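Protein chains in written order, with my numbering: chain G, -16 to 339; chain A, 14 to 543.
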Amino acid sequence: MVRKKLIIGAVAIVLLLGSLYVLQRLLMPKYVSGIVEGSLIGEYYKEDRKDFDVVFLGDCEVYENFSPVKLWEKYGITSYIRGSAQQLIWQSYYLLEETLKYEKPKVVVFNVLAMQYNEPQKEEYNRMTLDGMELSAIKLKSIQASMMKSEHLVDYLAPLLRFHSRWDQLSEDDFTNLFGKEKLFHNGYYMRVDVKPAGRVPRAPRLPDYRFGSNAYSYLDRLTELCKENGIKLVLVKAPTIYPHWYDEWDTQMEQYAAAHDLTYINFLKHMDDAGIDLQTDTYDAGLHLNVYGAEKLATYFGAFLADTYRLQDHRTDETWSGIWQKKIDFYDRMKQDQLDELAKYGYLKRYKVET
Amino acid sequence: MLFTSYGFILFLVALFVVYYIIPRKYQWALLLGASYLFYALSGLQFLAYIVATTVCVYYAGRRIGDLVQTESAYLRENKQELAKPQINEYKSKMKARKRIPMLLALFVALGILAFVKYIDFAIANINLIARAFGSEGGISFWTIAVPLGISFYTFKSAAYLIDVYRGKFPPERNLFKFALFVSFFPEVIQGPISRFDQLGKTLYGYHPFDGRNVKFGLQRIAWGFFKKLVIADQLMVAVRTIIDDPDHYNGSFVLVGMLLYAFQLLADFSGGIDITIGIAQVLGVTVQENFRRPYFAKSITDYWRRWHISMGAWFRDYVFFPMSVSKPMLALSKFSRRRFGNAIGKRAPVYLATLTTWFATGIWHGSSWNFIAWGLANGVIILISQELEPFYDWFHGKFNVKHTFGFRSFQVVRTLLLMSSIRLFDCYMDVPLTFKMFGSMFTTFNYQVLFDGSLLHLGISFSHYVLILSSLTVVGIVSLLQRSGSVREKIEAQPIGIRYSLYGMLILSILVFGAYGVGYDAKQFIYNQF
Chain G
-16 MVRKKLIIGA VAIVLLLGSL YVLQRLLMPK YVSGIVEGSL IGEYYKEDRK DFDVVFLGDC
44 EVYENFSPVK LWEKYGITSY IRGSAQQLIW QSYYLLEETL KYEKPKVVVF NVLAMQYNEP
104 QKEEYNRMTL DGMELSAIKL KSIQASMMKS EHLVDYLAPL LRFHSRWDQL SEDDFTNLFG
164 KEKLFHNGYY MRVDVKPAGR VPRAPRLPDY RFGSNAYSYL DRLTELCKEN GIKLVLVKAP
224 TIYPHWYDEW DTQMEQYAAA HDLTYINFLK HMDDAGIDLQ TDTYDAGLHL NVYGAEKLAT
284 YFGAFLADTY RLQDHRTDET WSGIWQKKID FYDRMKQDQL DELAKYGYLK RYKVET
Chain A
14 MLFTSYGFIL FLVALFVVYY IIPRKYQWAL LLGASYLFYA LSGLQFLAYI VATTVCVYYA
74 GRRIGDLVQT ESAYLRENKQ ELAKPQINEY KSKMKARKRI PMLLALFVAL GILAFVKYID
134 FAIANINLIA RAFGSEGGIS FWTIAVPLGI SFYTFKSAAY LIDVYRGKFP PERNLFKFAL
194 FVSFFPEVIQ GPISRFDQLG KTLYGYHPFD GRNVKFGLQR IAWGFFKKLV IADQLMVAVR
254 TIIDDPDHYN GSFVLVGMLL YAFQLLADFS GGIDITIGIA QVLGVTVQEN FRRPYFAKSI
314 TDYWRRWHIS MGAWFRDYVF FPMSVSKPML ALSKFSRRRF GNAIGKRAPV YLATLTTWFA
374 TGIWHGSSWN FIAWGLANGV IILISQELEP FYDWFHGKFN VKHTFGFRSF QVVRTLLLMS
434 SIRLFDCYMD VPLTFKMFGS MFTTFNYQVL FDGSLLHLGI SFSHYVLILS SLTVVGIVSL
494 LQRSGSVREK IEAQPIGIRY SLYGMLILSI LVFGAYGVGY DAKQFIYNQF
């Protein structure tokens, strides 16, 4: 009798937990159309081989501005972008910590725009970065560092508690992507083929204090230390996009930091001509982010520096890598053509639900 | 700490575990510690108020108890020697002596309540009168934060003291046990206003783990969460939209808001009480019911026997009855009979006691004229109903419809509409605005908004309306089933598959359809403010 009760109880609990799991999968945003950036972080875990030469860290200024496929095609450099929308510096730091569980890249490239944020900013962006991470102690630390006052740790551990209210907003995407999502990115690169020339950008407002915050600096220190401990070269970059504004005062601080810590810092805003970037043709949103043409030019330019400076091996002769990358190139070319076709047909990227 | 917060759930889980691990003789002490911790989390400074009330009422109770003992001993010892007049004289003297500590403690406890809750209301009215006489400036407001549940624990304490004075039960001799009665955390937020002789029976006893009790308690908690999160907090969005913009949402919108608020309040308050009773049940403590299907009431008097039962009983036992039989009332009755005849003489004390009781009920709910008007409206309707009794008798003598389903339904709907109408005082900013909005239901002819999709722009979507309606139907069915006994018992008698499916559906409904988490405001229970 007792045994029967125990079995029934166990079955009931399993069924309840199973239902909760399925409901959680169903109700969590899928980020497969419209705002797709929430899928960036999660795609990393699906990579069969993760021993990349270069890992990029940062926000949209990395995942929209550097093309890993071009780095491969031109220099045989294997790279991956671990970036997400408004990814804060502590999130980048913990992502690197997590990445080191899988691989030890030779170079880590960190985009320094995130230094402007000294504290958590927005729950929506937090979710896009953190929900994509696999559960681990590192993820918990990243959550703790990122939470807004109104957020709770339990909402991250059980996202159903956060996203339950989507029950009346479910779309076909939620059902078709219930247990797996289609691949959307190219080693963390978010492709856009459309063009919107840069015009006048809003005037940069004066800031009361141009110094980066102590919290941001402490994580930059930790990032530097982590790279040093693991024999990884850390390169600080500022992507060549003209908005949000990158102040001279900020640039000076990064130059000083790099000099003090024996790091390389490249402000690509100062190398746009050398890279051949033209913001009349190489941006899809008037200078905020590069389109695929700009990203390829930047990768070509930066790749030469990476290959020369850090003597990165050209893996194009490696059969395993070549096989893997050929599939990536095919997918990259297919998406590029698909987007071009859509652009020609509709005037905007319809499948990506991005209206111009 | 909100009942519906993660922190509270964690607090409960930890308490339940520790409660059944520790030796049973310490269970009540753990509850006291938990209650004070819970209270302190609402603001450390508020502890001073509850401690002051507790200590004061406790010592007054003890003093009264000592006098009762002295009186009994004296009468026992001198039974043979004392004549009846002497006994009466002695009793009268002792009664006067017992009255002193009672009045002093009531003065302190009710004084604290009056001070923190009504001082600014008094100042506002003084300023208003002063301005009417041309005075400029005015007294500054004190803006004192009202301690959590002060109305509830003060009334509990007052009832205890009066009952001890009346000799209903001896006083509690242990200060800490009495402190637990006053501060018992499940009740402190929104009642019920338990009586010492009822709650005390199980509060201090030993409670071995009883699986069935714990299971039923947890079910009751879940049911409360369902009502609060799936119905009340979803409805709140639409109700707030309507009442926050009276210029735009008038006429038929007021009718909609009035009905939605009626169901929001029911789900909110009765849901909170379900959680309270459920928590107590898990702990092995019996808390009295506070609702008995109030929206099935057939008259206002019937309604008040079903809604917030403990509050109604409190005002009946400690305001209405004592006032009705008080010497001034008897004198008033006598005077009125002599001066205005029997009909008025008979009614005058009842009217005065009724209106005073409802005035007190109104102001207990909140320090504003809205609540006073609401209370008096209840009193006036009850008196009108009483006056109409002969007409009802005549009607039922003439038409044999009293026991028909149609007439009973009419009575239920009429009572619901009446109660919902006067509850508009609870919604709008002031009394004139409430009257204006009530009037707009009959003067603004915008009935088309009920059908043209306007109701879908109140902050809740069509799916939410379907959800709320379905949930209310479930609540209605449960209410109907309750008439023939406990629904939990009925579920318990079902095959295991049905039982577990029902539990699972309840849990999943709360988790998926509940209004909680980021994106929702942390919502206090409506009755917290009283």
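For glycine and all other residues, C-beta sits at the position ideal for the given N, C-alpha and C. Quantities reported herein were computed from a predicted structural model and do not represent experimental measurements.
Exercise. Can you list the residues of chain C that Ile509(A) reaches, using a CB-CB cut of under 8 Å?
Worked result: This model lacks chain C altogether; the protein chains it does include are G and A.
Exercise. Mind pulling the chain G residues with CB within less than 9 Å of Gly530(A)?
Worked result: Per Cβ cutoff of 9 Å: His135, Asp138, Leu144, Arg145, Phe146, His147 and Ser148.
Exercise. Identify the residues that DSSP records as bridge partners of Arg65(G): which are they?
Worked result: Beta-bridge partners assigned by DSSP to Arg65(G): Leu40(G).
Exercise. Are the region 40 to 59 of chain A and the region 171 to 178 of chain A touching by the rule of at least three beta carbon pairs closer than 8 Å?
Worked result: no
For this session: Quick one: residues in its chain with C-beta nearer than 8 Å to the C-beta of Ala373(A), no 5 flanking neighbours on either side, listed in chain order?
Result: Phe328, Val332 and Gly388
Problem set entry | Val337(G) in three-state terms, based on DSSP | Any answer about Val337(G) is weak, because its pLDDT of 48 lies below 50 and its placement is not dependable; what the coordinates show is given next. Here Val337(G) sits in strand by DSSP.
Problem set entry | Nonlocal neighbours in the same chain, by C-beta distance under 6 Å from Arg8(G), ignoring five residues either side | Close CB contacts of Arg8(G) within its chain, under the 6 Å cut and outside five residues either way in sequence, are with Leu161 (chain order).
Exercise. Mapping DSSP to helix, strand and coil, what is Lys89(G)?
Worked result: If DSSP states are grouped into helix, strand and coil, Lys89(G) belongs with coil.
Problem set entry | Secondary structure of Leu193(A), DSSP reduced to three states | helix
Problem set entry | Cβ neighbours of Val129(A) in the same chain (closer than 6 Å, five flanking residues each side left out) | Ile157 and Val159
Problem set entry | Among Phe198(A), Val488(A), Val426(A) and Glu505(A), nearest to Phe21(A) - alpha-carbon criterion | Phe198(A)
For this session: Report yes if the C-beta distance between Val90(G) and Asp36(G) is below 8 Å; otherwise report no.
Result: Contact flag set, yes.
Exercise. Counting along the chain, where does the beta strand (DSSP E) carrying Ile249(G) start and finish?
Worked result: In the DSSP assignment, Ile249(G) falls within the beta strand (DSSP E) that extends over Thr247 to Asn250.
Exercise. Are three or more beta carbon pairs between the region 254 to 268 of chain A and the region 175 to 184 of chain A nearer than 8 Å?
Worked result: Not touching, per the Cβ criterion.
Exercise. Does Phe128(A) have its Cβ less than 8 Å from a Cβ in chain G?
Worked result: no
For this session: Report the three-state DSSP secondary structure of Lys536(A) (helix, strand or coil).
Result: Residue placement at Lys536(A) is flagged as unreliable, the pLDDT there being 44, under the threshold of 50; the coordinate-derived value follows with that caveat. The answer is coil: DSSP assigns Lys536(A) none of H, G, I, E or B.
For this session: Excluding the 5 residues preceding and the 5 following Val337(G) in the sequence, name in chain order all residues of the same chain whose CB lies nearer than 7 Å to its CB.
Result: Because the pLDDT of Val337(G) is 48, which lies under 50, any placement of that residue in the model is unreliable, and the question is left without a value.
Exercise. What residue range is occupied by the uninterrupted beta strand (DSSP E) comprising Val363(A)?
Worked result: Here Val363(A) belongs to no beta strand (DSSP E); instead the alpha helix (DSSP H) covers Asn355 to His378.
Problem set entry | Beta carbon proximity, Tyr513(A) to chain G, threshold 8 Å | yes
Problem set entry | Spatial neighbours of Thr339(G) in its chain, beta-carbon cut-off 6 Å, leaving aside the 5 residues before and after | With a pLDDT of 35 at Thr339(G), under the threshold of 50, the modelled position of this residue cannot be trusted; read the value that follows with caution. Scanning its chain for C-beta atoms nearer than 6 Å, with the 5 sequence neighbours on each side dropped, one finds around Thr339(G) the residues Tyr331, in chain order.
Problem set entry | Simplified DSSP state of Leu332(G), which is helix, strand or coil | strand
For this session: Consult DSSP for Leu23(A) and reduce its assignment to one of helix, strand or coil.
Result: helix
Exercise. Chain A partners of Ala(-5)(G), CB-CB under 7 Å?
Worked result: Tyr513
Exercise. Where does Val176(G) fall in DSSP's three states?
Worked result: coil
Exercise. Hey, quick one: how far does the alpha helix (DSSP H) through Lys214(A) stretch, first residue to last?
Worked result: Phe209 to Leu216
Exercise. What does Gly527(A) reach in chain G if we use C-beta pairs closer than 9 Å?
Worked result: His147 and Ser148
Exercise. In chain order, which continuous runs of the beta strand (DSSP E) of length 3 or greater are located wholly inside the region 300 to 358 of chain A?
Worked result: none
For this session: Compare the C-alpha of Tyr226(G) against each of Asp256(G), Tyr240(G), Leu219(G) and Pro188(G) and name the closest.
Result: Pro188(G)
For this session: Just the C-alpha distance for Gln296(G) and Gly59(G), rounded to the nearest angstrom, thanks.
Result: 7 Å
Exercise. Can we say the region 275 to 293 of chain G touches the region 45 to 59 of chain G, given the rule of at least three CB pairs closer than 8 Å?
Worked result: Two segments are said to touch when three or more pairs of C-beta atoms, one from each, lie closer than 8 Å; by this definition the region 275 to 293 of chain G touches the region 45 to 59 of chain G.
Exercise. Taking Cβ positions only, does Gly74(A) come closer than 8 Å to chain G?
Worked result: At least 8 Å separates the CB of Gly74(A) from every CB of chain G.
Exercise. Considering only the beta carbon of each residue, do Leu262(G) and Pro142(G) sit closer than 8 Å?
Worked result: no
Exercise. Name the chain G residues that come within less than 8 Å of Gly517(A), Cβ to Cβ?
Worked result: Ala(-5), Leu(-2), Leu(-1) and Ser2
For this session: State buried or exposed for Val295(A), treating a residue as buried only when at least 16 other CB atoms are found within 10 Å of its CB.
Result: It is buried - the Cβ of Val295(A) has at least 16 other Cβ atoms within 10 Å.
Problem set entry | Where the alpha helix (DSSP H) containing Leu96(G) begins and where it ends | Taken as a continuous stretch (DSSP letters only), Leu96(G) belongs to no alpha helix (DSSP H), as it is neither H nor E.
Exercise. Are the C-beta atoms of Leu323(G) and some chain A residue less than 8 Å apart?
Worked result: no
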